[in-house]
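Quick note: the sequence shown uses our numbering, first residue 280, plus one each step.
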Amino acid sequence: MPGTRNMSVTISVASVLALTISTGWAQQEKVKRELPAAVAKAVKDNRPNAEIDTLTVEKEDGVSLYDIEFQKGKGEIEVAEDGSVIDIATIVNLKDVPAAALAAIRKGAAGGSIKQVEKSEVRAEVKHGRVVKLASPRYIYEAELVKGNQKAEIQVAPDGQVIEAPKWKD
280 MPGTRNMSVT ISVASVLALT ISTGWAQQEK VKRELPAAVA KAVKDNRPNA
330 EIDTLTVEKE DGVSLYDIEF QKGKGEIEVA EDGSVIDIAT IVNLKDVPAA
380 ALAAIRKGAA GGSIKQVEKS EVRAEVKHGR VVKLASPRYI YEAELVKGNQ
430 KAEIQVAPDG QVIEAPKWKD
């Protein structure tokens with residue numbers, strides 16, 4: 280998701296279950312995974328019935344952000360602790376990506392393949408330690424790329440402008 284982060288903690292549901300089963304401290308782990316009421320409401324309002332796969336709590340400029348990835352291709356959402364939706368991403372088919380954005384993604388793949396594309400609807404940003412809601416949403420296409428055993432991600436605007444170029448990693 281867009282933005283620079285200072286700190287992040289990731290909790291995978293599978294890891295939590297394995298840890299809970301092996302150590303027997305279900306109550307303590309359950310409390311750690313509980314979402315603040317405002318965040319839970321934003322998730323329910325925007326992705327009803329979606330199951331959380333991964334939860335990452337991040338700090339950006341002093342603001343706690345909950346980056347939630349859902350199971351079964353339901354996308355992801357980033358919500359500030361006060362319940363403000365920063366952005367919400369939906370998995371899209373290549374045929375639904377604007378031509379200019381798709382061309383930029385293909386160029387960024389540089390002979391690799393496009394694993395998945397998400398359309399992110401950016402509704403707010405964190406500026407100077409505060410959540411600032413945008414007057415109208417901004418859209419970004421984020422693609423996961425694969426080339427051999429390397430992976431990268433690229434972010435492009437609908438007009439094809441590259442927002443974040445791919446950085447290939449093993």
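All C-beta atoms in this analysis are idealised placements derived from N, C-alpha and C, irrespective of residue type, glycine included.
- If you ignore the 5 residues before and after Gly-439, its C-beta comes within less than 7 Å of the C-beta of Ala-379, Ala-380, Ala-382, Ala-383, all in its own chain and listed in chain order.
- As the crow flies, the alpha-carbon of Arg-409 is around 7 Å from that of Val-342.
- Judged by beta-carbon spacing, Asn-325 lies beyond the 9 Å limit of Ile-370, meaning their Cβ atoms are not closer than that value.
- With fewer than 16 other beta carbons inside 10 angstroms of its own, Lys-448 counts as exposed.
- Nearest in C-alpha terms to Gly-427, of all of Ser-392, Glu-313, Ala-436, is Ser-392.
- Note on Ala-389: under 16 other CB atoms within 10 angstroms of its CB, so exposed under the neighbour-count rule.
- In this structure Asp-366 is in contact with Glu-400, their Cβ atoms being roughly 6 Å apart against a cut-off of 8 Å.
- Around Ala-422, the same chain offers Ile-384, Ile-393, Val-396, Ile-433 as residues with beta carbons nearer than 6 Å, after the five sequence neighbours per side are excluded.
- In the three-state reduction of the DSSP assignment, Leu-314 falls in the coil class.
- For the beta strand (DSSP E) assignment, the uninterrupted runs of no fewer than 3 residues enclosed by the region 368-442 are, from N- to C-terminal side, 392-406, 409-426, 429-435.
- For Asp-361, the three-state secondary structure derived from DSSP is coil.
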